[in-house]
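Trainee: Residue numbers (our numbering): 132 to 683.
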């Protein structure tokens, strides 16, 4: 749920003149603000051109009393929680995210021992990582809408224990079939923190103060995959059996899930108000029989929910060029991240004789890079926040693209660097290791920049955009490990990495093209509100007026 100015009191004085002169536009802006406030990033209604495809909410009853917060300072509103409490919830959300992403990559260190234990081919072993990501692909179709119907906490309380139990199944798996099935379902339920984590942050933090919290959360998304091979490598080399990698995952998941369930309250405003309405009706069924929450008035039928979670995302993917190109770019970047789990053993173990644990240490470079990328993105977001007031809370979405403009070229440089220094054993191992820092930085910059761009472009339809992006991205991420080893063995480390670099080079102009032509593309979109384009002329006039006043 994105926080935006919702009243004239939140509007800069210079904009008041504009409001008085442009009443119709003001009404339209307030209407969009109301929709964002009411529905967050998942509007139950389609744009006008698609409106007939989904049922409308029933008309309000005459005596209906819609429950709301008890004033702007209502402590029940997560936006009014103390900074300390918000940070505690942010850390909890980030820690469980580290857990589920750790589980995605940790088994990669035990691949050889699993092959020997079950007597499977190396090609089948690649599925251990890929099948988990396929679970990532399907999970959001259930957990996404579930979090908006039942609330963030309820969905997490259901998904996390199931995720933990399926990890237990991996530790006890008697055959490869059981291992792969339990991996799929642990990914299916484990993706829940990634699905609802951004929503939890938006529930608590206002848009202008969300930067540090978002940086921490985004860092946790990349920290888990980095820690997986690092921890798994030391376990695989120890006297412990390979199953202990899964036992460690199980213990980590169990403790994290228990802490999350014990301390995370509900943060989704509409569900909190729904519970408030139910309490009022229960306390006095006669006097409060007409009390209702806005959330209860929406159409949550199976048909409507299926429309928003499956039909609408693919409609957007078919008709929105911005979403198509960004999804393509992020899918490649996501694939590169998971391809590294198969490429690093070739570069550092086969070519340089590293042990499994030493190979795992190389992932520290990726972690350092993603941390640097997160900090750079945070600094870029501060520029957007400074422009927010001038644009009445709706700065141009293209201001979010600076991170991708930097990250795109870095991805190309990092790929070439890794390939041509990693190919030759005579080159010191530190050279390709430093390249992983560049790659990690590029991955974070591209991801956070484009995801923020999708939010600011589609506003109340960004959840559908994210759903489409997640499905395709997870599918590509699952596919990359399946052919990475063959690609590196047949092309060589140098040319395989060069191929990745050239694909990155082909995609690198996308943020620059969007920065220049994005406003025109958004103008023709059915799903992009484009409030910034509607007020751009007036903002420009006000800026010119202020400059004239300053000269006088």
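C-beta: ideal position from N, C-alpha, C; glycine also.
#1: Can we say the region 203-215 touches the region 293-307, given the rule of at least three CB pairs closer than 8 Å?
#2: Compute the Euclidean distance between the alpha carbons of residue 148 and residue 669, then round it to the nearest angstrom.
#3: Going by beta carbon distance, what residues of the same chain come within less than 7 Å of residue 356, once the five residues before and after it are set aside?
#4: Specify, as a first and last residue, the run of the alpha helix (DSSP H) that residue 221 falls within.
#5: Does the distance between the C-beta of residue 357 and the nearest non-hydrogen atom of the ligand FMN fall short of 6 Å?
#6: Tell me which residue opens and which closes the alpha helix (DSSP H) that residue 413 is part of.
#7: Determine the closest residue to residue 667 out of 561, 238, 644, 518, with distance taken between C-alpha atoms.
#8: Please state the DSSP three-state secondary structure of residue 624.
#9: In the structure shown, what three-state DSSP assignment does residue 422 receive?
#10: Just to confirm, are residue 582 and residue 537 a CB contact at a threshold of 7 Å?
#11: By the DSSP assignment, the alpha helix (DSSP H) with residue 439 in it spans what residues?
#12: Relative to the C-alpha of residue 534, which candidate in 601, 477, 598, 646 has its C-alpha closest?
#13: For the 8 Å Cβ check, are there 3 or more pairs between the region 293-313 and the region 372-380?
#14: Since residue 361 and residue 495 should fall inside the 8 Å C-beta cutoff, what is the C-beta to C-beta distance between them, to a whole number of angstroms?
#15: By Cβ distance, which residues of its chain are closer than 7 Å to residue 195, with the 5 residues on each side in sequence left out?
#16: Less than 6 Å between C-beta atoms, sequence neighbours within five positions excluded: which residues of the same chain meet that for residue 183?
#17: Let me confirm a value: residue 286 is counted as buried when at least 16 other C-beta atoms fall within 10 Å, else exposed. Which label applies?
#18: Shortest alpha-carbon distance to residue 652 belongs to which of 396, 455, 289, 318?
#19: Taking 7 Å as the limit between beta carbons, can you name the residues of its chain near residue 474, skipping five residues before and five after?
#20: Measure the CB-CB distance between residue 458 and residue 600 and report whether it falls below 7 Å.
#21: With a 10 Å radius around its C-beta and 16 neighbouring C-beta atoms as the bar for buried, classify residue 663 as buried or exposed.
#22: Might you give, ordered along the chain, the residues of its own chain that have their beta carbon closer than 8 Å to the beta carbon of residue 491, omitting 5 neighbours on each side?
#23: Using the C-alpha atoms, what's the distance from residue 488 back to residue 540?
#24: Where does residue 675 fall in DSSP's three states?
#25: Run through DSSP, which three-state label would residue 196 get?
#26: Can you list, in chain order, the residues of its chain whose CB lies under 6 Å from that of residue 443, leaving out five sequence neighbours each side?
#27: Please list, in chain order, all residues of the same chain as residue 123 whose beta carbon is under 8 Å from its beta carbon, the five residues on each side excluded.
Mentor: Put simply:
#1: no
#2: Only weak support is given to the placement of residue 148: the predicted model assigns it a pLDDT of 43, under 50, and the question is left unresolved by the model.
#3: 232, 235, 236, 468
#4: 214-236
#5: The model depicted lacks the ligand FMN and carries no ligand whatsoever.
#6: 400-414
#7: 518
#8: helix
#9: strand
#10: no
#11: Segment: none, residue 439 is in no alpha helix (DSSP H) and carries neither H nor E.
#12: 646
#13: yes
#14: 7 Å
#15: 421, 423
#16: Since pLDDT at residue 183 reaches only 44, below the 50 mark, its modelled position is unreliable, and the value read off the structure follows with that caveat. The answer is none, since no qualifying residue turns up.
#17: buried
#18: 455
#19: 615, 619
#20: yes
#21: buried
#22: 240, 360, 361, 362, 363, 364, 365
#23: 31 Å
#24: helix
#25: strand
#26: 595
#27: Nothing in the structure corresponds to residue 123, since the chain is present only between 132 and 683.
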